[in-house]
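Enquirer: Quick one: this structure, given as structure tokens, is what I'll be asking you about.
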Amino acid sequence: GKLCGFGVEEQLPTVAIVAHYDAYGIAPGLSYGSDSNGSGVAALLELARLLSRLYTNSRTHPRFNLMFLLSGGGKFNYQGTKKWIEDNIDSSDASLLPDALYALCLDSVGDEDNIYLHVSKPPKEGSPGDIFYKELQWASVQSEEQLNVSMVHKRINLADELLSWEHERFSIRRLPAFTLSHLQSPRSLRKTTILDTRENVNVDKLARNVRVIAEALARHMYNISGEALKTRIFTEGLNIQKEYLKAWIDQLSSQPRSAQMLLSGSTKHPLILTMEQAMNRYLKDVKYSIFKPDKREPELMFYEPVSTVMNAYRVKPAIFDLFLAMFIAAYLGVIYLLITNFYRLERIIKSYSVKAKQS
Numbered sequence: 001g002k003l004c005g006f007g008v009e010e011q012l013p014t015v016a017i018v019a020h021y022d023a024y025g026i027a028p029g030l031s032y033g034s035d036s037n038g039s040g041v042a043a044l045l046e047l048a049r050l051l052s053r054l055y056t057n058s059r060t061h062p063r064f065n066l067m068f069l070l071s072g073g074g075k076f077n078y079q080g081t082k083k084w085i086e087d088n089i090d091s092s093d094a095s096l097l098p099d100a101l102y103a104l105c106l107d108s109v110g111d112e113d114n115i116y117l118h119v120s121k122p123p124k125e126g127s128p129g130d131i132f133y134k135e136l137q138w139a140s141v142q143s144e145e146q147l148n149v150s151m152v153h154k155r156i157n158l159a160d161e162l163l164s165w166e167h168e169r170f171s172i173r174r175l176p177a178f179t180l181s182h183l184q185s186p187r188s189l190r191k192t193t194i195l196d197t198r199e200n201v202n203v204d205k206l207a208r209n210v211r212v213i214a215e216a217l218a219r220h221m222y223n224i225s226g227e228a229l230k231t232r233i234f235t236e237g238l239n240i241q242k243e244y245l246k247a248w249i250d251q252l253s254s255q256p257r258s259a260q261m262l263l264s265g266s267t268k269h270p271l272i273l274t275m276e277q278a279m280n281r282y283l284k285d286v287k288y289s290i291f292k293p294d295k296r297e298p299e300l301m302f303y304e305p306v307s308t309v310m311n312a313y314r315v316k317p318a319i320f321d322l323f324l325a326m327f328i329a330a331y332l333g334v335i336y337l338l339i340t341n342f343y344r345l346e347r348i349i350k351s352y353s354v355k356a357k358q359s
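Residue numbers 1 to 359, in UniProt numbering, belong to the letters of the sequence shown in order.
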């Protein structure tokens, strides 16, 4: 979906805000991904709600376009984002993406007091990316809660099978992009663990991060320098709704979101339908796209079943079998001796009975 700026849409600057919604773990049926990337989805939807209020008021309608993307297959080398970029750049239809100033990807923003701007190439001084980074730093300093913002530069290694961050999909196509995350390393185990549950997301810190991102975006859209206006934009009636963020985190954490589970069945998954309805409420031209893999040379292959039942049996130790065998052997030995020496037993019984009669 998108928010169109005031004026001729094609002549206005554009920024894309991106987040993937699937999770990953060793067990697909236990992959909840509350922080990675449930927090990114919640942040994007809150930004859409918050910024849409600026676009519905003629007095605050900026001359700036915003595009929003919730993509699937993020944990599988960002396949959804890759297909979306190809569809918008290689298509003959007019698209705002090729001329976008930058793409802002949100990944794991629901915890910690540090947030990192991951880039493949540091933005040049005075470029849109550099301006946003400086506004992000300014907004973090003005925040009532502590937040440290820093940049992490990592070149794209095309020899690797998997990309490190989602913004690299844009960088490969020479589109300026960066990823915001409280994770400093792309190899953090928190991105691919079944232990990433609801308890891993701090709603207060998520709300603080969303507020800082919204402030930085708004100041960039309205071309306000860091020292020109020290008043925060998103206060009082335009403040962050923690209840809205909490509701989305609870919803996203209530069910596993592995890619194969969200794509199973011929009908649209209820969670995807819910996110689409939320975007339709605040954005325009919301589209739901399905990208099918090549049948001859598919990049991904999912196997079933996704969930199954595992049975565990508790058995006695081996020494128990040894004692049981000895007991059975002893029992059978006693029976054998009784049978083979029964005549002797009979004589003893008769001798006792004769003595008893004589007495």
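For every residue, glycine included, the Cβ atom is placed at its ideal position computed from N, Cα and C.
(1) Considering only the beta carbon of each residue, do Arg211 and Ile240 sit closer than 8 Å?
(2) Start and end of the alpha helix (DSSP H) containing Leu217?
(3) CB Leu175 to CB Ala100, shorter than 8 Å?
(4) In this structure, what does DSSP give as the bridge partners for Ser181?
(5) Taking the straight line between their C-alpha atoms, what separation do you get for Val15 and Leu3?
(6) Whole angstroms are fine: how far does the CA of Phe64 sit from the CA of Ile131?
(7) Helix, strand or coil, according to DSSP, for Val141 in the structure here?
(8) So the candidates are Gln146, His153, Pro186, Pro128; which of them puts its Cα closest to the Cα of Arg219?
(9) What does the alpha-carbon distance come out to for the pair Ile233 and Ala48?
(10) Report yes if the C-beta of Met275 is less than 7 Å from at least one heavy atom of the ligand ZN; otherwise report no.
(11) Just to confirm the assignment, what range does the alpha helix (DSSP H) spanning Met310 have?
(12) Round the Cβ separation of Pro256 and Ser34 to the nearest angstrom and send it over; I've been treating them as touching at under 8 Å.
(13) When you compare the CB positions of Pro98 and Gly5, do they come within less than 8 Å of one another, or not?
(14) Quick one, which of Lys83, Leu245, Tyr78 has its alpha-carbon nearest Gly110's?
(15) Report buried or exposed for Asn37, applying the criterion of at least 16 other Cβ atoms within 10 angstroms of its Cβ.
(16) Is the Cβ-Cβ distance between Ser120 and Gly40 less than 8 Å?
(17) Can you grab the Cα-Cα spacing for the pair Leu217 / Asp196, in whole Å?
(18) Hey, could you find the ends of the alpha helix (DSSP H) His153 is sitting in?
(19) Name the two residues that bound the continuous beta strand (DSSP E) containing Val41.
(20) Can you check which of these residues, Thr267, Ala43, Pro122, is closest to Phe178 by C-alpha distance?
(21) Taking C-beta to C-beta, are Arg208 and Glu145 nearer than 8 Å?
(22) Kindly give me the distance between the Cβ atoms of Ile85 and Arg155, rounded to whole angstroms, as I take these residues to be in contact under 8 Å.
(23) Quick one: what does DSSP say His269 is sitting in, helix, strand or coil?
(24) Look at the Cβ atom of Met275, then the Cβ atom of Tyr102, and state whether they are nearer than 8 Å.
(25) Is it true that the CB of Phe302 sits closer than 8 Å to the CB of Gln260?
(26) With DSSP as the reference, label Ala27 as helix, strand or coil.
(27) Taking the C-alpha atoms as reference points, what is the distance between Leu324 and Ile348?
(28) Over what stretch of residues does the alpha helix (DSSP H) that includes His20 continue unbroken?
(29) With DSSP as the reference, identify every bridge partner of Cys4, one or two as the case may be.
(30) Can you check which of these residues, Thr267, Ser351, Glu297, His167, is closest to Gly80 by C-alpha distance?
(31) Using DSSP bridges, identify the partner residues of Ala103.
(32) I need the straight-line Cα distance from Gln142 to Leu273, nearest angstrom please.
(33) Which two residues bound the contiguous alpha helix (DSSP H) that contains Ser108?
(34) Based on the DSSP output, what are the partners of Ser164 in its beta bridges?
(35) Determine the contact status of Ala214 and Leu51, defining contact as a CB-CB distance below 8 Å.
(36) Quick check: what's the CA-CA separation for Lys134 versus Leu262?
Expert: On the basis of the supplied data:
(1) yes
(2) 203 to 221
(3) yes
(4) Tyr116
(5) 10 Å
(6) 15 Å
(7) helix
(8) Pro128
(9) 16 Å
(10) The ligand ZN is not part of this structure, which contains no ligands at all.
(11) Per DSSP, Met310 belongs to no alpha helix (DSSP H) and is neither H nor E.
(12) The pair is not a contact, with the Cβ atoms about 11 Å apart (cut-off 8 Å).
(13) no
(14) Leu245
(15) buried
(16) no
(17) 29 Å
(18) His153 -> not in any alpha helix (DSSP H); beta strand (DSSP E) instead, spanning 148 to 153.
(19) Careful: Val41 lies outside any beta strand (DSSP E), inside the alpha helix (DSSP H) at 40 to 55.
(20) Pro122
(21) yes
(22) At roughly 20 Å, the Cβ-Cβ gap does not stay under 8 Å, so Ile85 and Arg155 are not in contact.
(23) coil
(24) no
(25) yes
(26) coil
(27) 33 Å
(28) His20 -> not in any alpha helix (DSSP H); beta strand (DSSP E) instead, spanning 14 to 20.
(29) Answer by DSSP bridge pairing: none, since Cys4 is not bridged.
(30) His167
(31) Ala16, Ala177
(32) 37 Å
(33) Careful: Ser108 lies outside any alpha helix (DSSP H) and carries neither H nor E.
(34) Note: Ser164 sits in no beta bridge, so no partner.
(35) yes
(36) 38 Å
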